[in-house]
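Visitor:
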Amino acid sequence: MSSSRKYCLFFLLVRSILSDPSHTNQVVLLDTTAVLGELDWRTYPVNGWDAITEMDEQNRPIHTFQVCHVMESNQNNWLRSNWIQRQAAQKVYVELRFTLRDCNSIPWVPGTCKETFNLFYFQTDEPHPAATRFRPADYAKVDTIAADESFTQTDLGDRVLRLNTEVREVGPVTQKGFYLAFQDVGACIALVSIKVFYKRCPSTLRNLAAFPATVPRVDSSSLVEVRGACVENAEERDTPKLYCGADGDWLVPLGRCVCSLGHEEIDGFCQACRPGFYKALSGNIRCSKCPPHSSSHDQAATLCHCDRGFYRAAKDPSTMACTRPPSAPRNLISLINETALFLTWSPPSDSGGRKDLTYNIVCHRCGGGGSGASGGGEDCEPCEADLRFVPGPLGLTGTSVAVLDLAPHANYTFHVETVNGVSGLGQNTRPLANITVTTDQTGPSLVGAVRKDWASDNSIALSWTEVEQQPNAILDYEIKYYDKEQEQLGYSSDRTKAPSVVVTGLKPSTVYVFHVRARTAAGFTAYSDKFHFSTGDQNSGMAADQGQVLVVVTAAVGGFSLLFILTLFFLITGRCQRFLKAKMESDRKRRAHFQNVVPFPGVKTYVDPDTYEDPTQAVQEFTKEIDPSRIRIERVIGAGQKEIPVAIKTLKGGYVERQRRDFLREASIMGQFDNPNIIRLEGVVTKSRPVMIVVEYMDNGSLDSFLRKHDGHFTVVQLVGMLHGVASGMTYLSDMGYVHRDLAARNILVDEGLVCKVSDFGLSRFLADHPEPAHTTKGGKIPIRWTAPEAIAYRKFSSASDAWSYGIVMWEVMSYGERPYWEMSNQDVILSIEEGYRLPAPLGCPVVLHQLMLHCWQKERGQRPHFNSVVSFLDKLIRNPSSLLTLVDHVHSFPESLEDMPDYPLFISIGDWLDSIKMSQYKNQFLTAGFTTLDSVSTMSIEDLRRVGVSLIGHQRRIVSSIQTLRLQFLTAQHNGFHN
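The sequence shown maps to residues 68 to 1047 in the numbering used here.
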């Protein structure tokens, strides 16, 4: 063995090769570690490179090429690979793993020892025959390869191999294949493995699109645009694209595919919807479970078919549950009034699962008088074409209709049919409710001749006589009238108990037709004959003159009274101001005797803390100091063997003196009160930090949030009991000469027994002893929605302004904590109240409670109730719960007192209704537009009001509010069977 070759024996120590993890973006053309047989590579000269094959621990061959002729000069040893087919490569990469001996570690090595070797390649379309002569000049040099790390003799002894890995780019390659060649020029080197590969962007799935494997361009700076193909059961939403980079990485995804109908994306593929599920739209959404009353039995369903007996309308989306036709209307009731008929009914018990319910009225006239005819008899035929239905016979959304111009002494059968969007789909029967009525009159007319007493431009006064020997006592009269020239637009009616009436709201110089009938215990009689009277005749001038004289006299008397009142007011105001000044000067003396001297026996007077120069004096006088060691925040106060749950209000750090004064002021106010409906002050902590106000703990928190949390859980009597507690507390405060100024449900606390207690006295003020005490402020925020108009406009607060706020609290309680005036802005609230708008009654509110609210919301503060009257009134309601059964009616006018609140009639004319809400100027517009009955008005919308001619927003609000009340009236009438 030569001396140079003995240095290569260390290569036999190689037993295993650790390969790098496979790369999905590499296509391997050659890997010597994966070749099982002989490589059969050529060497030139033959004794230059040695090919050594060993087996590793897994019995896999390790092909190693080594050369180490370092002791000999002028070395030129070549190793050539077999022909390598390039496949789709445009350029290839050669990865070399090798070891190299450090020349300095070899003893007596000549100066010709190298530590590098060269890499060459040669392209050809076909492999050369084995006998072909090797010509180095045909090969192109790729690079000179040097080792990053070399080993020494010591490494050899320790069996440590320093393995180098170098990668070189070869190309471009244009022919079918190529050879690689390795040139040694005098190094001690071993090639452990050679891998030849090219880079390729692998086939992939992105955004439900498949992209094929793509070879990058030779130019590494340019990208290859590749268009993807949607996977099965997917469709393009935007053209899917990827760009293949030079390193075999996909870049810049664009576009996407989405799963088609009946399929959903699962793990990057579009899978068919399971039975019982469906997908009606293409897109990357999941399959949905079939809507109620529908099912799908196959995979990839795009629609769930309705179960038997259920249907979808043509316009129903596939996502909607299947529905069915409704059942018949319930509780069909008729109220006949000679030749006018009112029909009302309740919605069907089964709406079929839909909300698009409408009603159709079908009418048949069945022979003459009597009551035994039926809609299906041979004598029945469709009703007369000129029969009028208000608002109409078909497509009704309400549950009532008026039928006019019925023939007298006739039988009619009315069929009320319920219709929804799927009516007529697959069913043979129609959901009908039937009723037969007769138009027999109850008796002859009891009204004699009707005469005109006087007339003005828009009014006519009528009177009439009664017939002799009346069979029944007359209860009242109904006057029916209409414009003679516009009879087809309908009529109006008035009621009166006297045999006379003044009809107002008429058009000037117009002939009207009047006829009158009486109402007895047996019902209405027939109408009198028709009488024609006109407005604006010669008698109207006299009436107008008399009216003008009356107005002048009234104005004169009123002016004198006003002058007298103003003079008296200024005198009283001056005296009051002088009294207040004197009172302030003697304040210290009065406070000194406060505990022993009271103005009236048994009456406690409230002392305003603002009269004290130092608020600490008021706190010491009216509150109890608590040792802070007895307080554990958010837990309980320990007091011997007794523990009292309390709530603590603290003054945060960093406060200024004004904030401390205001904080202590509230405590000194609360310390003067002792009433079961006023929050109780337990004491204060002022001698340590933080400063605290300790009050009794209320389990249920504020009244507004408590009601919202328990919406609908209480009886009306329980709600009235809560209001009674609030009124009792306010009575106590009012009797002490104290104004709260911020009475609202949020400032009422509720304990575990539903006892309501007034709290939050930060805005409260003391009132001087005055016939009409009021407190005027100069600044600060005002809770607009709860505050009386005079307090908003002039900042004048009084017990009367607290009464207004109490009415708002009543509305909050009956609506279970709803926000007063809803989403209206504060400015809209102020303008609406000024125009006369008042909050409508909440749903289900008893009539007497809404009347009390309206009484509290009188514009003139002197007409509002006192709190002691409110307490007395609520006491009566609690003792007589039956008075709370009647739901909301509309109040015609504000009563003088709570005791004078009347019961109002259920059915009134259009004129009476508009007069009651002070909107009589629109009477003719309503009649001209065809709204002639209260039932037709109850279905009006805001658009209907605009068409009628009501353009002012304030007037629209007032009328809409009253229409809501009318709707509740009709519901109440249905419940009570239309009993007057």
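Think of the CB as a built atom: it goes at the ideal place given N, C-alpha and C, for glycine as much as any other residue.
Can you check whether the CB of Leu1019 is closer than 9 angstroms to the CB of Glu890?
Guide: What you label residue 890 is simply residue 823 of the sequence shown in a count that begins at 1. What you label residue 1019 is simply residue 952 of the sequence shown in a count that begins at 1. Result no, Cβ atoms of Glu890 and Leu1019 do not sit closer than 9 angstroms.
Visitor: Determine the burial state of Gln250: buried for a count of at least 16 other Cβ atoms within 10 Å of its Cβ, exposed for fewer.
Guide: The count along the sequence shown starts at 1 and reaches residue 250 at position 183. Result: buried.
Visitor: Taking only the alpha-carbon atoms, compute the straight-line gap between Pro269 and Ala313 and give it to the nearest angstrom.
Guide: Residue numbering aside, residue 269 sits at position 202 when the sequence shown is read from its first letter. Residue numbering aside, residue 313 sits at position 246 when the sequence shown is read from its first letter. Using only the alpha carbons, I get a separation of about 12 angstroms.
Visitor: Would you grab the beta carbon distance between Phe481 and Ile428 for me? Rounded to a whole angstrom, and I think it's under 8 angstroms.
Guide: Within the sequence shown, numbered from 1, the residue matching residue 481 stands at position 414. Within the sequence shown, numbered from 1, the residue matching residue 428 stands at position 361. Phe481 to Ile428, Cβ: 6 angstroms. Contact.
Visitor: Name the DSSP beta bridge partners of Glu484, please?
Guide: Residue mapping note: residue 484 aligns to position 417 of the sequence shown, counting from 1. Glu484 pairs with Asn427 and Leu499.
Visitor: Assuming Met797 and Asp895 form a contact by the criterion Cβ under 8 angstroms, report the distance between their Cβ atoms to the nearest whole angstrom.
Guide: Residue mapping note: residue 797 aligns to position 730 of the sequence shown, counting from 1. Residue mapping note: residue 895 aligns to position 828 of the sequence shown, counting from 1. Not confirmed; about 28 angstroms, so no contact.
Visitor: I need the DSSP call for Pro203, collapsed to helix, strand or coil.
Guide: The count along the sequence shown starts at 1 and reaches residue 203 at position 136. Helix.
Visitor: Return yes when at least one heavy atom of the ligand MG lies under 8 angstroms from the C-beta of Val468, else no.
Guide: In the structure on display, the ligand MG does not appear, and there are no ligands present to speak of.
Visitor: Do you know whose CA, among Ile1030, Val263 and Asn274, lies nearest Arg164's CA?
Guide: Counted from its first residue, the sequence shown places residue 164 at position 97. Checking every option, the nearest Cα to that of Arg164 belongs to Val263.
Visitor: Could you tell me whether the region 872-880 touches the region 806-814, where touching means 3 or more Cβ pairs closer than 8 angstroms?
Guide: In short, these stretches touch, since the Cβ pair count reaches three.
Visitor: For Glu448, which residues in the same chain have their Cβ closer than 7 angstroms to its Cβ, ignoring the five residues on either side in sequence?
Guide: Locating residue 448 in the sequence shown gives position 381, counting from the first residue. His431 and Arg432, listed in sequence order.
Visitor: Taking Gln157 as the reference, which of Gly238, Ser418 and Ser349 has the closest Cα?
Guide: Counting from one through the sequence shown, the residue named residue 157 turns up at place 90. Measuring from the Cα of Gln157, the nearest candidate turns out to be Gly238.
Visitor: What does Cys337 pair with, by DSSP beta-bridge criteria?
Guide: Numbered from its first residue, the sequence shown carries residue 337 at position 270. Its beta-bridge partners are Glu332.
Visitor: Can you pull the DSSP bridge partners for Ser567?
Guide: Position 500 of the sequence shown, counting from 1, holds the residue named residue 567. Partner(s): Ser530.
Visitor: Give a yes or no on contact between the region 123-139 and the region 174-187, applying the rule of three or more CB pairs nearer than 8 angstroms.
Guide: Judged by Cβ distances under 8 angstroms, the region 123-139 makes contact with the region 174-187, as three or more pairs qualify.
Visitor: Quick one: which unbroken beta strand (DSSP E) runs of 3-plus residues sit fully inside the region 125-178? Chain order, please.
Guide: Runs of the beta strand (DSSP E) inside the region 125-178: 128-135, 144-147 and 159-167.
Visitor: With distances taken from CA atoms, which of Lys990, Phe591, Ser795 and Tyr904 is nearest Ser936?
Guide: Here residue 936 refers to the residue found at position 869 when the sequence shown is read from its first residue. Of Lys990, Phe591, Ser795 and Tyr904, the residue nearest in Cα terms is Ser795.
Visitor: Taking all protein chains shown into account, do 16 or more other C-beta atoms lie within 10 angstroms of the C-beta of Asp771, making it buried, or fewer, making it exposed?
Guide: Residue numbering aside, residue 771 sits at position 704 when the sequence shown is read from its first letter. Label assigned to Asp771: buried.
Visitor: Could you compute how far the alpha carbon of Glu303 sits from the alpha carbon of Leu321?
Guide: Position 236 of the sequence shown, counting from 1, holds the residue named residue 303. Position 254 of the sequence shown, counting from 1, holds the residue named residue 321. When rounded, the distance between both Cα atoms is 12 angstroms.
Visitor: In terms of DSSP beta bridges, what is Trp317 paired with?
Guide: Numbered from 1 along the sequence shown, position 250 holds the residue referred to as residue 317. Paired residue(s): Cys311.
Visitor: With H, G and I counted as helix, E and B as strand and the rest as coil, what does DSSP make of Ile1030?
Guide: Here the question's residue 1030 lines up with position 963 in the sequence shown. Correct three-state label for Ile1030: helix.
Visitor: Please list, in chain order, all residues of the same chain as Val1004 whose beta carbon is under 6 angstroms from its beta carbon, the five residues on each side excluded.
Guide: What you label residue 1004 is simply residue 937 of the sequence shown in a count that begins at 1. Around Val1004: Phe998.
Visitor: Using the C-alpha atoms, what's the distance from Gly465 back to Tyr398?
Guide: Here the question's residue 398 lines up with position 331 in the sequence shown. Here the question's residue 465 lines up with position 398 in the sequence shown. Correcting the residue identity first, residue 398 is Asn in this sequence and not Tyr. Cα-Cα distance, rounded: 14 angstroms.
Visitor: From which residue to which residue does the alpha helix (DSSP H) around Ala734 run?
Guide: Taking the sequence shown and counting its residues from 1, one reaches residue 734 at position 667. Element bounds for Ala734: Glu724 to Met737.
Visitor: Within its chain, find whatever has a CB closer than 7 angstroms to the CB of Arg775; leave out the 5 residues flanking it on each side and keep chain order.
Guide: By 1-based counting over the sequence shown, the position of residue 775 is 708. Closer than 7 angstroms at Cβ, skipping near neighbours: Tyr883 and Gly884.
Visitor: Measure from the alpha carbon of Gln739 to the alpha carbon of each residue in Ser865, Tyr549, Gly804 and Ala380, then state which is nearest.
Guide: Locating residue 739 in the sequence shown gives position 672, counting from the first residue. The option with the nearest alpha carbon to Gln739 is Gly804.
Visitor: In terms of DSSP beta bridges, what is Tyr479 paired with?
Guide: As a position in the sequence shown, residue 479 is number 412, starting the count at 1. Partner(s): Arg432 and Val504.
Visitor: I need the boundaries of the beta strand (DSSP E) containing Thr1051, first residue and last residue.
Guide: For residue 1051 there is no data in the structure shown, the boundaries of the chain being 68 and 1047.
Visitor: Who are the Cβ neighbours of His791 in its own chain at under 8 angstroms, not counting the five residues just before and after it?
Guide: Your numbering for residue 791 matches position 724 in the sequence shown. Answer for His791: Val938, Leu941, Asp942 and Ile945, listed in chain order.
Visitor: Where does the unbroken alpha helix (DSSP H) through Phe1049 begin, and where does it stop?
Guide: In this structure the chain extends from 68 to 1047, so residue 1049 is not present and cannot be described.
Visitor: For Ile333, count the other beta carbons within 10 Å of its own beta carbon; 16 or more makes it buried, fewer makes it exposed. Which is it?
Guide: Counted from its first residue, the sequence shown places residue 333 at position 266. Classification of Ile333: exposed, given that the 10 Å Cβ count is below 16.
Visitor: In chain order, what residues of the same chain have a beta carbon less than 7 angstroms from the beta carbon of Ala649, not counting five sequence neighbours either side?
Guide: Numbered from its first residue, the sequence shown carries residue 649 at position 582. Only weak support exists for where Ala649 lies, its pLDDT of 37 falling under 50; the value from the coordinates is given anyway. Taken in chain order, the list of residues that qualify is empty.
Visitor: Label Met737 either buried or exposed according to how many other C-beta atoms from any shown protein chain fall within 10 Å of its C-beta, with 16 as the threshold for buried.
Guide: As a working note, residue 737 is residue 670 in the sequence shown. Met737 should be labelled buried.
Visitor: Buried or exposed, going by whether 16 or more other CB atoms sit within 10 Å of the CB of Ser83?
Guide: Taking the sequence shown and counting its residues from 1, one reaches residue 83 at position 16. With a pLDDT of only 39 at Ser83, under 50, the local geometry of the prediction cannot be trusted, and the value read off the model is given with reservation. Ser83 should be labelled exposed.
Visitor: Give a yes or no on whether the C-beta atoms belonging to Thr369 and Ala347 are separated by under 9 angstroms.
Guide: If you number the sequence shown from 1, residue 369 lands on position 302. If you number the sequence shown from 1, residue 347 lands on position 280. Yes, the Cβ-Cβ distance between Thr369 and Ala347 is below 9 angstroms.
Visitor: May I ask you to report which of helix, strand or coil DSSP gives Gly820?
Guide: Counting from 1 along the sequence shown, the entry for residue 820 is found at position 753. Gly820: coil per DSSP, three-state reduction.
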